[in-house]
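Residue 6 in numbering that gives the first Met the number 0 sits at position 7 of the sequence shown, with consecutive numbering throughout. Backbone N, C-alpha and C fix where the C-beta goes; we use that ideal spot for every residue, glycine too. Take a look at the structure below.
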Amino acid sequence: MPWWWQCLDDDGRVVEPSEGRQDFPTRSDAESWVGEYWADLADQGIAAVTLFEGEREVYGPMSLGA
Numbered sequence: 000m001p002w003w004w005q006c007l008d009d010d011g012r013v014v015e016p017s018e019g020r021q022d023f024p025t026r027s028d029a030e031s032w033v034g035e036y037w038a039d040l041a042d043q044g045i046a047a048v049t050l051f052e053g054e055r056e057v058y059g060p061m062s063l064g065a
């Protein structure tokens, strides 16, 4: 099952980042990616992210605010 982030705007609506949904082979890869790109996502109007493994919600929403 791929790991991926669901992105949400300020109103809690699901939005797609400009580069599209990214799938990762491991939780660690997904968490490293969001740690590296959170500011870029926030600049795109993404306010929070939720981590999924396949269709299972793992945790979130996690705010991207400072």
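Opposing strand residues paired with residue i [DSSP bridges]
| i | result |
| --- | --- |
| Leu7 | Val13, Ala47 |
| Glu18 | According to DSSP, Glu18 bridges with nothing at all. |
Nearest residue (CA-CA) to residue i, options the options
| i | options | result |
| --- | --- | --- |
| Arg20 | Ser27, Gly11, Leu40, Asp10 | Leu40 |
| Gly44 | Asp8, Met61, Glu54 | Asp8 |
| Pro76 | Arg12, Trp4, Ser17, Ala38 | Outside the displayed range of the chain (0 to 65) lies residue 76, so it cannot be described from this structure. |
| Ser17 | Arg26, Met61, Trp37, Ser62 | Trp37 |
| Asp10 | Ala46, Asp28, Ser31, Trp32 | Ala46 |
Beta-carbon separation (whole angstroms), residue i vs residue j, contact threshold 8 angstroms
| i | j | result |
| --- | --- | --- |
| Val48 | Gly59 | 6 angstroms |
| Met0 | Glu52 | 5 angstroms |
Chain C contact for residue i (CB, 9 angstroms cutoff)
| i | result |
| --- | --- |
| Ala47 | As a matter of chain content, chain C is missing from the structure shown, which is built from one protein chain. |
Segment limits, beta strand (DSSP E) that includes residue i
| i | result |
| --- | --- |
| Gly59 | 55 to 62 |
N- and C-terminal bounds of the alpha helix (DSSP H) containing residue i
| i | result |
| --- | --- |
| Glu26 | The residue asked about is misnamed: residue 26 is Arg in this sequence, not Glu. Arg26 -> alpha helix (DSSP H) spans 26 to 42. |
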